[in-house]
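Here is the structure we will look at.
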Amino acid sequence: MQRQGLRSKAFLVLLSLFFKGILDISYVYLVSPFFSWMPSRYPLAVDGLKIFESYLLTFGLSLVLPTRVRKPSDFLIALLFIVPVLPTLSLYGLMDGSRTYTYMLVIAFIIVRGIPIILPLLKIRLVRGGNAIAAWSSIFGVVAALVLLMTLTGLHFFTLNILDIQQLYTTRERVVASLTKGGLLLNYLQFWAFYVFMPILILSALHYRRYGLFAVLIALQLLFLGLSARRGVLLATLILLGTFVIVERRSAITIMIGGFLAMVVISFLVAIIGGQFLPGSLIIGRFFFTPARLNYAYHEFFSKAGFVYLTSTKLPIPLEYPFSDIPERLIGKEIFHSKTVASAGWLATSYMHFGYLGMILFAIIIGLLLKIIDSLIYHRMSLRFGVPLAAIPFYSLFTSADLTTALLTYGILPIMIMLWFLGSPRIAVYQRNEQCKAVCL
289 MQRQGLRSKA FLVLLSLFFK GILDISYVYL VSPFFSWMPS RYPLAVDGLK
339 IFESYLLTFG LSLVLPTRVR KPSDFLIALL FIVPVLPTLS LYGLMDGSRT
389 YTYMLVIAFI IVRGIPIILP LLKIRLVRGG NAIAAWSSIF GVVAALVLLM
439 TLTGLHFFTL NILDIQQLYT TRERVVASLT KGGLLLNYLQ FWAFYVFMPI
489 LILSALHYRR YGLFAVLIAL QLLFLGLSAR RGVLLATLIL LGTFVIVERR
539 SAITIMIGGF LAMVVISFLV AIIGGQFLPG SLIIGRFFFT PARLNYAYHE
589 FFSKAGFVYL TSTKLPIPLE YPFSDIPERL IGKEIFHSKT VASAGWLATS
639 YMHFGYLGMI LFAIIIGLLL KIIDSLIYHR MSLRFGVPLA AIPFYSLFTS
689 ADLTTALLTY GILPIMIMLW FLGSPRIAVY QRNEQCKAVC L
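If you read the sequence shown in my numbering, its first letter stands for residue 289, the second for the next number, and so on.
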């Protein structure tokens, strides 16, 4: 058994290093020369020593990765490593990224990895009738969000053309302008419908093998995609279903890395050999390297302009926000010289708030959030039901949302509440009995 574990770890390390090499090649020969519409977008400034360091760091971090998904945090940590930590390590040597920031990013990752291991599970009581509460709350939330969107926007802005980026952004601005009339709570409601309520209903349909209902819910999710003009709705659905399929497999983390590796290789070859650049732009550029590039962009700007100390959030901070525009637009204007709204994940925004201290503080908070997720899912529901629900808002936190935004807008707090309701006493008793049998045998 120990020998098998060593083999699994060795294969995971080699696969991570190979993936890192493929990302490096893709950046040099595809992303930087073809997708850098401004010199500052994806610059190429190769530093041999930093490339060597980046492979050493990849080797070290892959050693602390879990080889199996025993708890939800194992899967989420692997997701954090793949996107955006690994692409950031690629950029470290290929665009001469900040050494201090990169090593602090590595330390922050290790903190997030360590806290769920060190701390014990929280004892959270099950809710009698919680499944019914979660189901009816989800149905009500979806219906309310649909009525909200249809009332305030109708079908005037409906579009499923997610490949026309400029048109999508223009349509989204119009949708957002219309939805502001509904107030802050109603604006939250639409996001919770996309990222919390609909995923619960979709997984419930799969769990009970109601495939006709599943098809209807997927169609409804596409309707939400067209009404909101948010590609994140489609991405959330893909993350949900992909996680559902692989998470309980013995080699789930290896499958996830291998799947992402295959996507990168195929889209790279399609671009280089076939001359079709759209898959490479969406998968390699936007999915992998955009979050990583924004990490360094935020560091570059706020290391000179000063930190915001949470004044960019809706928290009641007794300080004044120091800039004339929101951080996302500031980065677009000052770093990329465009109107791009550069929304970044916690590894960037934590530095924006408090510098390197912020990265440590946010890492501790996120590690604690992962421990809470473990406590809400482990021995309370199947991993293939709980982990996909948690993966959606945490992916946003990792790649495109500040911590406070991810907690509310993208649904980390709502999904925690729903997971609390969804805990099943039957599953808890069954899994404890199975664990007891394994120990006794």
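Every residue gets a Cβ at the ideal spot worked out from N, C-alpha and C, and that includes glycine. The model shown is predicted, which means the values in this text are computed figures rather than measured ones.
Three-state secondary structure assigned by DSSP to Q719: Annotation note: pLDDT 47 at Q719 (below 50); position unreliable, no value reported.
Rounded distance between the beta-carbons of T355 and L300, thought under 8 Å: 6 Å
Three-way DSSP call (helix, strand, coil) for C724 in this model: Note that C724 scores a pLDDT of 43, beneath 50, so its modelled location is shaky; the value from the coordinates is reported in the next line. C724: helix per DSSP, three-state reduction.
Endpoints, alpha helix (DSSP H) assigned at L349: G336 to V352
Endpoints, alpha helix (DSSP H) assigned at W325: Careful: W325 lies outside any alpha helix (DSSP H) and carries neither H nor E.
Buried/exposed call for G385, threshold 16 Cβ in 10 Å: buried
Cut-off 8 Å between Cβ atoms - residues of its own chain near I554, not counting five sequence neighbours on either side: P567
Sequence ranges, alpha helix (DSSP H) only - wholly within the region 654-725, length at least 4: 671-687, 691-696 and 700-710
L302 to P681 span [Cα, whole Å]: 29 Å
Cβ-Cβ distance between L656 and S361 below 8 Å: no
Coarse secondary structure for T355, derived from DSSP in three states: coil
Distance CB(A396)-CB(L695) smaller than 8 Å: no
Of the listed residues Y476, E616 and I560, nearest to L582 (C-alpha basis): E616
For H641, the three-state DSSP class (helix, strand or coil): helix
C-beta contact flag for A678 and I653 at 8 Å: no
Simplified DSSP state of F299, which is helix, strand or coil: helix
Three or more C-beta pairs below 8 Å linking the region 616-635 and the region 571-587: yes
Nearest-angstrom Cα separation, counted from S591 out to E536: 42 Å
Reference L664, options L489, L410, W325 and L513, closest by Cα: L410
L440 versus F347: straight-line alpha-carbon distance, rounded: 51 Å
C-alpha distance - L649 paired with S638, whole-angstrom precision: 8 Å
Own chain, CB closer than 6 Å to Y343, minus 5 neighbours either side, in chain order: none
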